[in-house]
Amino acid sequence: MALSFRPPIRLSFSRPACCRRLPHRTFAASSQNQITPSSIDTSKLISEVKRILEREHLSLPIGKNGRDDEDMILWFLKDRKFSVEEAVAKLTKAIKWREDFGVSMLSEDSVKSLYNTRKAYVHDFLDVKGRPVLVVVASKHFPEKQDANENERLCVYLIEKALSKCSPGTEDILGIFDLRGFSTDNSDFFFLKFLIDVFYYYYPKRLGQVLFVDAPFVFQPLWQLVRPLLKSYASLVRFCDAKTVREEFFTEDTVPDAFKG
Numbered sequence: 001m002a003l004s005f006r007p008p009i010r011l012s013f014s015r016p017a018c019c020r021r022l023p024h025r026t027f028a029a030s031s032q033n034q035i036t037p038s039s040i041d042t043s044k045l046i047s048e049v050k051r052i053l054e055r056e057h058l059s060l061p062i063g064k065n066g067r068d069d070e071d072m073i074l075w076f077l078k079d080r081k082f083s084v085e086e087a088v089a090k091l092t093k094a095i096k097w098r099e100d101f102g103v104s105m106l107s108e109d110s111v112k113s114l115y116n117t118r119k120a121y122v123h124d125f126l127d128v129k130g131r132p133v134l135v136v137v138a139s140k141h142f143p144e145k146q147d148a149n150e151n152e153r154l155c156v157y158l159i160e161k162a163l164s165k166c167s168p169g170t171e172d173i174l175g176i177f178d179l180r181g182f183s184t185d186n187s188d189f190f191f192l193k194f195l196i197d198v199f200y201y202y203y204p205k206r207l208g209q210v211l212f213v214d215a216p217f218v219f220q221p222l223w224q225l226v227r228p229l230l231k232s233y234a235s236l237v238r239f240c241d242a243k244t245v246r247e248e249f250f251t252e253d254t255v256p257d258a259f260k261g
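Start counting the sequence shown at 1; every next residue gets the next number (UniProt numbering).
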């Protein structure tokens, strides 16, 4: 049984030549042996990251999702367990990627042809935990017929759209992969690799949980290839059926039409 593969769009994650090695900073843990924002001076760390980025990466943009965006800086500090060195390195890559990919230029119109297929969409309602919901209908994904670059642009546009629906206190989204009707024609290892890289490098910890719904037997070979790439993030994945989606993650009024009984 053959899977569909095509050459990936290579992403570069090497350390920029202009980045010097910064002194590694560690911080004392709280009484529960965990580092939390309340146990350290986050404003001081944010200011330090901003100074380093201004000094060493002045060409990076400013403003929302730029080198002086304090909310974005704090998010990457939390992701890197408040290591200034690691946060600067990862944040620099993320900001450069956003520029190169043209994230700020993405719109519904710019991904219109694939957006209209409803192969993926942001659900109108939040789940029971108050999280925005991104639904992917795998049976509508055809890597041999659909442009790979446009698939990636649609992916990033929908991630941005989902995150824009996060209410105060909500930090992540729920991803639902509807695998009903999935066949080998829908298999796309390199797109899934792109999706994993995007969430790890550029939207860290923004994916709270992933549901694989009614996965058929033919999905297993693809899952065996993808699972090692997830590493510890594989724990976010749950295989379930449509009934579970309907009863555990939504109310009768908010469940997506495709999962109604």
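We put the beta carbon where it would ideally sit given N, CA and C, even for glycine.
For residue i, which of helix, strand or coil comes out of DSSP?
i: ILE173; result: strand
i: LEU134; result: strand
i: VAL128; result: coil
i: LEU179; result: coil
i: GLU252; result: coil
i: GLN146; result: coil
i: TYR115; result: helix
i: ALA215; result: coil
i: CYS240; result: strand
i: residue 271; result: Nothing can be reported for residue 271, as the shown portion of the chain is limited to 1 through 261.
i: TYR203; result: coil
i: ALA29; result: Caution applies to ALA29, whose pLDDT of 37 falls short of 50 and renders its modelled position unreliable; the model cannot decide the point.
Assign residue i to buried or exposed, taking buried as 16 or more other Cβ atoms, counted over all protein chains shown, within 10 Å of its Cβ.
i: THR92; result: buried
i: SER187; result: buried
i: ARG67; result: buried
i: PRO256; result: buried
i: VAL128; result: exposed
i: PHE194; result: buried
i: ARG51; result: exposed
i: LYS44; result: exposed
i: ASP69; result: buried
i: LYS90; result: buried
Please identify the residue among the options whose C-alpha is closest to the C-alpha of residue i.
i: LEU230; options: PHE250, ALA215, CYS240, VAL198; result: VAL198
i: GLU171; options: ASP41, PRO61, LEU74, GLU48; result: LEU74
i: LYS78; options: GLN209, ILE40, LEU222; result: ILE40
i: TYR157; options: LEU126, LEU134, LEU222, LYS260; result: LEU134
i: ALA258; options: SER167, HIS123, ASP69; result: HIS123
i: SER183; options: LEU222, PRO61, ASP253, GLU56; result: LEU222
i: PHE249; options: LEU106, GLY130, PHE190, SER47; result: GLY130
i: PRO61; options: TRP97, LEU45, THR42; result: TRP97
i: VAL84; options: LEU106, GLN146, SER47, GLU99; result: SER47
i: ASN65; options: ILE95, TYR203, LEU114, GLU56; result: ILE95
Roughly how many angstroms separate the alpha carbons of residue i and residue j, rounded to a whole number?
i: residue 262; j: PRO132; result: As displayed, the chain neither begins before 1 nor continues past 261, which places residue 262 out of reach and without an answer.
i: GLY63; j: ASP71; result: 11 Å
i: ARG153; j: LEU192; result: 14 Å
i: LEU58; j: SER104; result: 19 Å
i: PHE219; j: ASP241; result: 14 Å
i: GLU247; j: GLU150; result: 34 Å
i: VAL49; j: VAL88; result: 6 Å
i: CYS155; j: GLU54; result: 31 Å
i: SER139; j: LYS243; result: 19 Å
i: GLY102; j: GLU160; result: 12 Å
i: ARG80; j: PRO228; result: 22 Å
i: LEU126; j: ALA148; result: 29 Å
i: PRO168; j: GLN224; result: 37 Å
i: THR251; j: PHE239; result: 20 Å
i: TYR121; j: ALA162; result: 9 Å
i: VAL210; j: TYR233; result: 10 Å
i: TYR200; j: GLU99; result: 17 Å
If residue i and residue j are in contact, beta carbons under 8 Å, what's the gap, nearest whole angstrom?
i: residue 262; j: VAL245; result: Examination of residue 262 is not possible in this model, given that the chain is present from 1 through 261 alone.
i: ILE176; j: LEU207; result: That belief does not hold up - the Cβ atoms of ILE176 and LEU207 are roughly 11 Å apart, past 8 Å.
i: PRO216; j: LEU179; result: 7 Å
i: LYS112; j: HIS141; result: Not confirmed; about 17 Å, so no contact.
i: PHE189; j: VAL137; result: The Cβ separation is near 18 Å, so there is no contact.
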